[in-house]
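Q: Here the protein sequences line up with chains W and Z, keeping their order. Quick note: the first sequence uses the UniProt record's numbering, first residue 1, plus one each step. Quick note: the second sequence uses the UniProt record's numbering, first residue 1, plus one each step. Supplied in structure tokens, the structure appears directly below.
Number of protein chains: 2
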Amino acid sequence: MKPADTRIPPGTPVKLSDWDADDTDIIGKPKSDAHARLDEYRARLETLQELLYAEGKNKLLIVLQAMDTAGKDSTIRHVFQGVDPLGVRVAGFKAPTPYELARDYLWRVHHHVPGKGEIAIFNRSHYEDVLITRVNGWIDAAECKRRYRQINDFERMLAETGTTILKFYLHISKNEQKKRLEERRDDPEKQWKFHPDDLSVREQWDDYMAVYEAALSATSTAHAPWHVIPANSKQARNLMISRLLIDALEGLKMRYPAPADGVSDTVIV
Amino acid sequence: MKPADTRIPPGTPVKLSDWDADDTDIIGKPKSDAHARLDEYRARLETLQELLYAEGKNKLLIVLQAMDTAGKDSTIRHVFQGVDPLGVRVAGFKAPTPYELARDYLWRVHHHVPGKGEIAIFNRSHYEDVLITRVNGWIDAAECKRRYRQINDFERMLAETGTTILKFYLHISKNEQKKRLEERRDDPEKQWKFHPDDLSVREQWDDYMAVYEAALSATSTAHAPWHVIPANSKQARNLMISRLLIDALEGLKMRYPAPADGVSDTVIV
């Protein structure tokens, strides 16, 4: 799959089983080059992020959503390794606190949107409010539809006020999740990540696929598109996301700001 | 003018000169009763706010906008005197800081929306971003129209997630402002409130009326109506706003939550 093909066109139905989670086209041949290429992408990302920060004009919001073990944390670690933490903030959204629940569900995410020159990465997001809530019947279909609209309105406002939004669904297969959960269970260094709750969510796999499909379809817009990232291969996933970020940042036609008048003639004594 | 008549119906043009800033009908006769009536209204507001807090379900957002000296601060002081500060928060919005300007203009107001059981009062608000910005040409007509839509979307989301929104435009005449500015200038205890900037804003009076009219008309919605409050008389203004707040809170059909099981039989030793 090419980076261009990961995007869900606005208004189209989504059937996740039609998307190949095993796709590794992005790696190319020989496969041994993949590591070097990720290093190269990271270096470009680093340069582009410096420029974003220096220019102080654009804002970049990255939304990561996925089933457990699909690699949200790992994507952040591998893709943003080396990028200046000054200009990148990660906001993770777990089960809301009572204080957060007392407000609208967009309240806590709005607080963490990127400022000018910044990259914000949402590790889970307001999309949980149309996913886990829907699978468990905490909201009905009408409320869910209302939220799709509210989310699209909110993201449109962010886009109109200078935010580039990229939303990534990390697509793994149910079999791949089984392998990764078993790894977690058996590896003493990964056991801390294993929660029995993950298994009950796994039992709801088909329900989750259905609500993801509905949400991705309803909220992939021109101003905030969803990308389905083949994620059974970690290398393919990292390369694909890096590539999409590079393309998005390069599309902004950024420039270093002009120096203050007379800077080059300034004598420093 | 009766409380019911202060509301701007959605989608209607607004001509502020058609609204009588001197109207004092709400005071009734004899005028000497007005003070006692405000006390009575305040007591009811106090009770209703306690119930709002105890029930912990509804949220009340009050937006105050007006020309200088129209009485935003004074309304807050007089109407909410005696109401438990635990459940009422005032958020004032002055010229945005660089940190705020680096984000969308709704960001800082969203942060201060009321939680369940709370009243939030916005002393100025996101409406400044379609008023002062427009008068001074910092945004063009197209951007202003976009913001009206963004504001309506934002307020609709707040309403749909349980917020009752009341927006008050405190309507004073240009002559009344002259009197009040002269008072500020001459009274040693009020001089601190006098800024020379107020005079340059006063020079733009007609421009401000025009942008207010456009904004009130474009953003008075069923879910977040604007009320034009006759405010040349401070008593009339306070009575009218208190009355509207009481009506809104009574409309919520609130109840004290049921006690925990067995509370009434509990023996306290």
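Don't be surprised by glycine CBs; every beta carbon is placed ideally from N, CA and C. Quantities reported herein were computed from a predicted structural model and do not represent experimental measurements.
Would a C-beta distance cut-off of 7 Å place LEU61 (chain W) and PRO114 (chain W) closer than the cut-off?
A: In this structure, PRO114 (chain W) lies closer than 7 Å to LEU61 (chain W) by Cβ.
Q: Taking a cut of 9 Å between CB atoms, which residues from the stretch 36 to 65 of chain W lie near chain Z?
A: Those would be GLY56, LYS59, in chain order.
Q: Excluding the 5 residues flanking PRO257 (chain W) on each side, which residues of the same chain have their C-beta closer than 7 Å to its C-beta?
A: So the qualifying residues of the chain are ALA54, GLU55.
Q: May I ask you to list, following chain order, the residues of the stretch 228 to 256 of chain Z that have a beta carbon less than 9 Å from some beta carbon of chain W?
A: Residues passing the 9 Å Cβ filter: none.
Q: Near ALA43 (chain Z), what residues of its chain come up, given a Cβ to Cβ distance below 8 Å and the 5 sequence neighbours on each side ignored?
A: Excluding positions up to five away in sequence, the list reads GLY82.
Q: Taking C-beta pairs closer than 8 Å, name the residues in chain Z that THR97 (chain W) reaches, listed in chain order.
A: Within 8 Å Cβ-Cβ: nothing; THR97 (chain W) doesn't reach chain Z, min ~11 Å.
Q: For the stretch 52 to 77 of chain W, list the beta strand (DSSP E) runs that are entirely contained and at least 3 residues long, ordered along the chain.
A: Taking only runs of at least 3 residues, the beta strand (DSSP E) segments lying wholly in the stretch 52 to 77 of chain W are 59 to 66.
Q: Against HIS110 (chain Z), what residues of chain W qualify as contacts under a CB-to-CB distance less than 8 Å, listed in chain order?
A: Result: LEU106, TRP107, HIS110, HIS111.
Q: So HIS110 (chain Z) is in the beta strand (DSSP E); what residue range does that whole segment cover?
A: From DSSP, HIS110 (chain Z) is part of no beta strand (DSSP E) but of the alpha helix (DSSP H) over 107 to 110.
Q: So is ALA102 (chain W) in contact with chain Z if we call contact Cβ pairs under 7 Å?
A: So yes, ALA102 (chain W) belongs to the interface.
Q: For a quick check, are the C-beta atoms of ARG184 (chain Z) and LYS178 (chain Z) less than 7 Å apart?
A: Result no, Cβ atoms of ARG184 (chain Z) and LYS178 (chain Z) do not sit closer than 7 Å.
Q: Please report whether the beta-carbon of LYS145 (chain W) lies at a distance below 7 Å from any beta-carbon of chain Z.
A: It does not: the Cβ of LYS145 (chain W) has no partner Cβ on chain Z nearer than 7 Å.
Q: Can you tell me whether GLY117 (chain Z) is buried or exposed, with buried defined as 16 or more other CB within 10 angstroms of its CB?
A: The residue in question, GLY117 (chain Z), is buried, as its Cβ has 16 or more Cβ neighbours within 10 Å.
Q: Using the Cβ count rule (16 or more neighbours within 10 Å means buried), how would you classify GLU155 (chain Z)?
A: Result: buried.
Q: Taking C-beta pairs closer than 9 Å, name the residues in chain W that ASP68 (chain Z) reaches, listed in chain order.
A: In chain order: nothing, as chain W lies at least about 28 Å away.
Q: Would you identify the three-state DSSP class for PHE93 (chain Z), choosing helix, strand or coil?
A: The answer is coil: DSSP assigns PHE93 (chain Z) none of H, G, I, E or B.
Q: Would you report the Cα separation of ALA218 (chain W) and ALA224 (chain W), rounded to the nearest angstrom?
A: Taking the straight line joining both Cα atoms gives about 11 Å.
Q: As a quick exercise: from Z:PRO98, Z:ILE172, Z:THR97, pick the residue whose alpha carbon is nearest that of ALA66 (chain Z).
A: The candidate whose alpha carbon is nearest that of ALA66 (chain Z) is Z:ILE172.
Q: Compute the Euclidean distance between the alpha carbons of LEU170 (chain W) and ILE119 (chain W), then round it to the nearest angstrom.
A: So the two alpha carbons sit approximately 19 Å from each other.
Q: According to DSSP, what are the bridge partners of PRO230 (chain Z)?
A: Note: PRO230 (chain Z) sits in a beta bridge opposite Z:HIS171.
Q: Helix or strand or just coil, what does DSSP make of PHE122 (chain Z)?
A: It is a strand residue.
Q: What residues from chain W crowd round ALA116 (chain Z), counting only those whose CB sits closer than 9 Å?
A: According to the sequence displayed, residue 116 (chain Z) carries Lys and not Ala. Within chain W, the residues near LYS116 (chain Z) are LEU101, ALA102, ARG103.
Q: In the DSSP output, which residue or residues are listed as bridge partners for ILE165 (chain Z)?
A: Z:LEU61.
Q: So, for HIS78 (chain Z): in the same chain, excluding its five sequence neighbours on each side, which residues have a beta-carbon less than 6 Å away from its beta-carbon?
A: Taken in chain order, the residues that qualify are ASN238.
Q: For LYS193 (chain Z) and ALA260 (chain W), what's the separation of their Cα atoms in angstroms?
A: Cα to Cα, the separation comes out at about 38 Å.
Q: Counting along the chain, where does the alpha helix (DSSP H) carrying ASP207 (chain Z) start and finish?
A: Unbroken alpha helix (DSSP H) run through ASP207 (chain Z): 205 to 219.
Q: Which bits of chain W does LEU158 (chain Z) rub up against, with CB to CB less than 8 Å?
A: Chain W residues near LEU158 (chain Z): ASP104.
Q: Do the stretch 95 to 102 of chain Z and the stretch 27 to 42 of chain Z make contact, defined as three or more Cβ pairs closer than 8 Å?
A: No, the stretch 95 to 102 of chain Z is not in contact with the stretch 27 to 42 of chain Z.
Q: For GLY71 (chain W), which of W:TRP205, W:ASP186, W:GLU176, W:ASP187 has the nearest alpha-carbon?
A: With distances taken between Cα atoms, GLY71 (chain W) lies closest to W:GLU176.
Q: Check for me: the alpha helix (DSSP H) holding GLN150 (chain Z) runs from which residue to which?
A: Residues 141 to 160.
Q: In angstroms, rounded to a whole number, what distance separates the CA positions of LEU245 (chain W) and VAL130 (chain W)?
A: One C-alpha to the other measures close to 25 Å.
Q: With DSSP as the reference, please indicate the residues paired to ARG7 (chain W) in a beta bridge.
A: According to DSSP, which records beta bridges pairwise, ARG7 (chain W) is partnered with W:HIS227.
Q: Candidates Z:ASP33, Z:GLU46, Z:SER233, Z:LEU252: which alpha carbon is nearest THR163 (chain Z)'s?
A: Comparing Cα-Cα distances from THR163 (chain Z) to each of Z:ASP33, Z:GLU46, Z:SER233, Z:LEU252, the minimum goes to Z:LEU252.
Q: So if I threshold CB-CB distances at 8 Å, which residues from the stretch 125 to 139 of chain W count as touching chain Z?
A: Under the 8 Å Cβ criterion, the stretch 125 to 139 of chain W contributes no residue.
Q: Taking SER74 (chain W) as the reference, which of W:MET1, W:ASP104, W:SER233, W:ALA248 has the closest Cα?
A: It is W:SER233 whose Cα lies nearest to the Cα of SER74 (chain W).
Q: For ARG134 (chain Z), report the span of its alpha helix (DSSP H) as first-last.
A: Start and end: 132 to 135.
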